[in-house]
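There are 4 protein chains.
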Amino acid sequence: MNLNLTPGAEGLRAQLFHIIFESDTPGAKAFDIALIGAILLSVAVILLGSIEIYAERYGPIFFYIEWALTILFSLELLVRIYCLERPLLYLKSFYGIVDLIAILPTWLVLLVPGAHGLVIVRLLRVLRIFRILRLMEFVGEASLLLDALKRSLRQILLFFSAIFMVVTLFAALMYTIESPEAGFTSIPMSMYWAIVSMTTVGYGDIVPATALGKAITMILMLLGYSIIAVPTGVFSAQVIRSIREDRYSEEACPGCGHDRHDKKARYCLRCGTWLDEDSEDPRKKDENQDASSD
Amino acid sequence: MNLNLTPGAEGLRAQLFHIIFESDTPGAKAFDIALIGAILLSVAVILLGSIEIYAERYGPIFFYIEWALTILFSLELLVRIYCLERPLLYLKSFYGIVDLIAILPTWLVLLVPGAHGLVIVRLLRVLRIFRILRLMEFVGEASLLLDALKRSLRQILLFFSAIFMVVTLFAALMYTIESPEAGFTSIPMSMYWAIVSMTTVGYGDIVPATALGKAITMILMLLGYSIIAVPTGVFSAQVIRSIREDRYSEEACPGCGHDRHDKKARYCLRCGTWLDEDSEDPRKKDENQDASSD
Amino acid sequence: MNLNLTPGAEGLRAQLFHIIFESDTPGAKAFDIALIGAILLSVAVILLGSIEIYAERYGPIFFYIEWALTILFSLELLVRIYCLERPLLYLKSFYGIVDLIAILPTWLVLLVPGAHGLVIVRLLRVLRIFRILRLMEFVGEASLLLDALKRSLRQILLFFSAIFMVVTLFAALMYTIESPEAGFTSIPMSMYWAIVSMTTVGYGDIVPATALGKAITMILMLLGYSIIAVPTGVFSAQVIRSIREDRYSEEACPGCGHDRHDKKARYCLRCGTWLDEDSEDPRKKDENQDASSD
Amino acid sequence: MNLNLTPGAEGLRAQLFHIIFESDTPGAKAFDIALIGAILLSVAVILLGSIEIYAERYGPIFFYIEWALTILFSLELLVRIYCLERPLLYLKSFYGIVDLIAILPTWLVLLVPGAHGLVIVRLLRVLRIFRILRLMEFVGEASLLLDALKRSLRQILLFFSAIFMVVTLFAALMYTIESPEAGFTSIPMSMYWAIVSMTTVGYGDIVPATALGKAITMILMLLGYSIIAVPTGVFSAQVIRSIREDRYSEEACPGCGHDRHDKKARYCLRCGTWLDEDSEDPRKKDENQDASSD
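Chains as they are written, first to last, in the working numbering: chain Z, 1 to 294; chain E, 1001 to 1294; chain X, 2001 to 2294; chain V, 3001 to 3294.
Right, here's the structure in full:
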């Protein structure tokens, strides 16, 4: 982000950019903390506002806080757009869309009154927490997890395909064995029961009534109980791999070809060859100096 | 699969074989996607057809879709048989049996009317998803998981034997402590409760009523909660091992026979022999040049 | 087990010993399979006999099977004792005690009639499955798991101490917040609820009623949901270590000190030194022969 | 802890210090065991005292035991303070605060009668179990687990942030779909349901009633069922790393400073320098002998 720091408007834009998009100056940090507070307050108001007793008692207060925060978030978005050189690109990005979603529902109520269903859209504001996490430098941890997730994605997809097949077959089996009175009124309903049982949630709203149904349920529960080892095992292995590879540089030693050096390594662990090909080995300098001084 | 591409009928067979059994040409890919769509539609129709309201309203539509898909799957199977040189061998294979199971129940209804119970057999169609997974090149991931499962099979069998013993003993104990009013009417019923509790499903349909029963339940729940670490640990270890071994090439060193080289390795880790037999060792070139330049 | 195979009684004893305690001859294998069948039949009879309808209908059949099997197991135990040189040592061992427990309850009924409560003791017969597992050569797998369990025992004990403290504190907290009407009638009852919640069993027989109680429950459930990672992680790490160490011999190379050689290794992986100190390196022999032949 | 062992009062203080704060003499061990017994008895009395039937029947006994133990714990704390040189520093430490909390509530009842709510504060006594664990030398295991927890802390925090977002969004979604009759009376109540479902607890007190609600619940349950692999994988990886690093000695090579040597290593893996500074390098001896023999 090479910004020309010209005086006047340009200087203001650059300064605002530093405060809003970065977090290395005291002003930027104060802004971040204020933003975190505003987001959490906003989420809390929505949550409490959905409880009838609180809505009746503190309704007007919630209303004013909501509008105050919406105006604040709108101003923030305007400033963000103002200090970026390509504001449209930002509005199309993930963070830009989340920023828009955070304020649009409240403004829409002015035009379309009584839009109660939009409460859920407003709660998409929690996604702004991602920005906070980025500010708190959780990026390294997140990328490690995403890296491991990406590597195990295909195995996890395979796992869910297998789950889908098992659930469908057990659901069809239970649908023919159990009566609709026990809750197995259709195959999709049986699938709901099968997932409730296999994931070990076990609400107990639908429960097998016959002896045969109970026997099959036991098999399904043991399957669900032990099959969890599959994604856990795959993911564990990938996290271990990601952590290990993160510690090593990917370049091989020009001397012996050993390719698992610590990222900070200057000499090859195995043969002592100088690894940084762009600069000269300080040992050689010493030798040259020794030679010339002789 | 060396097929002689002769003109006429033979050429047609070879072409059909490519389209149906492989997935590397545009025609073959289009066929695969159509097949995936047909299988998922067929499963959806069976699922929705089991819901009474939908069955009443859209019954005839479901009936026609079911027959259209059954005729399509039958034609597909006939073409498969036609373009294979040993069709009986295919019909005896896993995929052949699944293909037959996918169409037979619907045809059987013509002969044995009102065979409602066959609905479950029809749902075995979901197993055809395995074929889709194969087409989507999930083979590598599946073989990795199967490899790890095979390695941990004996430990997992041992784990289930231990679970069976624990469940039987706790069930017998609870059967003597708790009264039939609480649901513990027999030892098999107690075993059902023990599995529901140990796998952390916890329906709540059978629940201990006495203080002693509750104390024993606490031990069983803590056991089930922590014992899951056993299959998870074993499977994790085996996945890690399988992934690690996947990193090594399977070719042995021509010098010393060492067969666990990194796939990128050019020289043997143990004896330094040049591993790539198709090209010349650059070291030799250097030596030759050195020799000729002298 | 060096047994002198003398003719007559001694020869019979040795033969019986081979059949009963080992599993490498056809006769021994037939005996093993018969024993497995008898144990499973015996357990099945006890399980089915506890179901009232079956007990009424097939009561006498169960009675005769039970007695037939008890007499068979008694004969088996007598033969075991007969062909061992130190029978008392066997009766005091784990397997001996299980063998006694398997037959004593049925015999005791002759002396103490109507001993219904002994049904649980009879089910200790399932522990005889351990013997079957040993016969099926599951020993290696079991010792691997036990090895990993032993290594992680102290961490697991620590884990359960932490669980106990968390459960006690949350139980006391919920006891003061929730009313007895919701089921929190005493601290031990609250502890039962806390374990049901923390182990993710969730029967639903005791459930928080107040808003504050629900908030605390959320924390407890998230704690239980994520804390399972602790024993799983510890056990995974120990299994990986056990598998790895099982593959390597523990002796170091006399040449370079490298101490992670494959158990089958004859030469050091790193420096090529002959590892078996009890015999001579075949390469040296070759050299000596070469030298002498020159 | 350099204590001058002078005769008289000072000698008594030193002796008491050894008995109370250490555990390597017979007297100290006897004290530890007595302390463990007293703590467990004290916890048991509080637990049983909360059960109405027991409280009525054995109330006075519990009262006397409670007071006896409180006086004992008070004396113990006084002795602890007496034999320490900086008692205030101890009272401000974690163990000091727990010791105070263990006795203060009972004494407070004398001043503020009928302080029933203080029962929970008294149960903080279970935290004294930490001291027992320390005495039983569980420190190594605890530090290993804490080390792994510290390393995975940021990833676990990230995991809980993601859980919070998923729970909030699913709760808002279900609040708009499901009716208040099914229990989804507010968004916080929906969040309680979402956590109950996602952690696979599944009480069954709030359950989806509509088909769409059930479909969303299935997704949430599968998410919760498989997402547990994330903290487990991260923690497993960190435990493996902690164990591995425990295998290395912490001393650096005097030659090159490399500090990850196997605890059994005698020569530096990197530069071959002799690591044991207390004895002489056997290679040097050989050289000297070679030199002298020439």
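Positions of the beta carbon are idealized from the N, C-alpha and C atoms, including for glycine. This one's a predicted model, so the numbers in the text were calculated from it and none came from an experiment.
In this structure, the straight-line span from the alpha carbon of ILE3240 of chain V to that of ILE51 of chain Z is close to 46 Å. When only Cα atoms are considered, PHE1170 of chain E and THR1200 of chain E end up about 15 Å apart.
Per the coordinates, the alpha-carbon of THR168 of chain Z lies some 12 Å from the alpha-carbon of LEU220 of chain Z. Around the CB of VAL3126 of chain V, 16 or more other CB atoms lie within 10 Å, so the residue is classed as buried. With respect to the 7 Å criterion, ALA172 of chain Z and ILE187 of chain Z are classified as neighbours on the basis of their beta carbons.
Sequence-distant Cβ neighbours of PHE2235 of chain X in its own chain, meaning closer than 7 Å and more than five residues away, are ALA2148 and SER2152. The beta carbon of VAL2098 of chain X sits no closer than 7 Å to any beta carbon of chain V.
Rounded to whole angstroms, LEU1144 of chain E and SER3226 of chain V show a C-alpha spacing of 19 Å. Of all C-beta pairs linking the region 3052–3067 of chain V to the region 3022–3040 of chain V, fewer than three are shorter than 8 Å, placing the two stretches out of contact. SER1179 of chain E carries a coil assignment under DSSP once its states are collapsed to helix, strand and coil. Nearest CB-CB separation between GLY2204 of chain X and chain Z: below the 7 Å threshold. In summary, LYS2150 of chain X is exposed, with fewer than 16 beta-carbon neighbours lying within 10 Å of its beta-carbon over all protein chains present.
Out of V:ALA3142, V:TRP3107 and V:LEU3016, the CA that lies nearest to the CA of ILE3243 of chain V is found in V:ALA3142. Think of a sphere of 7 Å around the beta carbon of VAL3239 of chain V: no beta carbon from chain Z falls inside it, the nearest being about 10 Å out.
Around GLY183 of chain Z, the same chain offers ILE206 as residues with beta carbons nearer than 6 Å, after the five sequence neighbours per side are excluded. Cβ contact annotation for THR1106 of chain E (same chain, cutoff 6 Å, sequence separation greater than five): THR1070, in chain order. Residue environment: ILE3033 of chain V is assigned as exposed (fewer than 16 neighbouring CB atoms within 10 Å of its CB, all protein chains considered). If you draw a straight line from the Cα of ASP2024 of chain X to the Cα of SER1074 of chain E, it comes to about 51 Å. Taken through DSSP and simplified to helix, strand or coil, ILE81 of chain Z comes out as helix.
Rounded to whole angstroms, LEU77 of chain Z and TYR58 of chain Z show a C-alpha spacing of 28 Å. Counting along the chain, no alpha helix (DSSP H) covers ASP1024 of chain E, and no H or E run does either.
Of all residues in the region 167–191 of chain Z, none places a beta-carbon less than 7 Å from a beta-carbon of chain V. Annotated three-state conformation of VAL3207 of chain V is coil, per DSSP. With contacts defined as CB atoms closer than 7 Å, ARG2080 of chain X and ILE2020 of chain X qualify as a contacting pair. Contact of THR2210 of chain X with chain V is not assigned, every C-beta pair being separated by 7 Å or more. Residues of chain E whose Cβ lies closer than 8 Å to the Cβ of THR3200 of chain V are, in chain order, THR1200. Look at the region 1143–1158 of chain E: the residues with a C-beta under 7 Å from a C-beta of chain X are ARG1154, GLN1155 and LEU1158.
Check the Cα spacing between PHE17 of chain Z and each of Z:ILE97, Z:THR232, Z:GLU178 and Z:ARG86: the tightest is with Z:ARG86. Judged by beta-carbon spacing, TYR192 of chain Z lies beyond the 7 Å limit of LYS3092 of chain V, meaning their Cβ atoms are not closer than that value.
What SER3242 of chain V touches in chain E, judged by beta-carbon distance under 9 Å, is nothing: the nearest beta carbon there is about 16 Å away.
Chain X has no Cβ within less than 7 Å of the Cβ of GLY1059 of chain E.
Under the three-state reduction of DSSP, SER186 of chain Z is assigned to coil, being neither helix nor strand. Proximity of GLY1213 of chain E to chain X, defined by a Cβ-Cβ separation below 7 Å, is not satisfied.
Here GLY3037 of chain V carries a helix assignment [DSSP, helix/strand/coil].
Counting along the chain, VAL201 of chain Z sits inside no alpha helix (DSSP H), nor does DSSP assign it H or E at all. Using a Cβ-Cβ cut-off of 9 Å, SER3236 of chain V is close to THR1232, GLY1233 and SER1236 of chain E, given in chain order.
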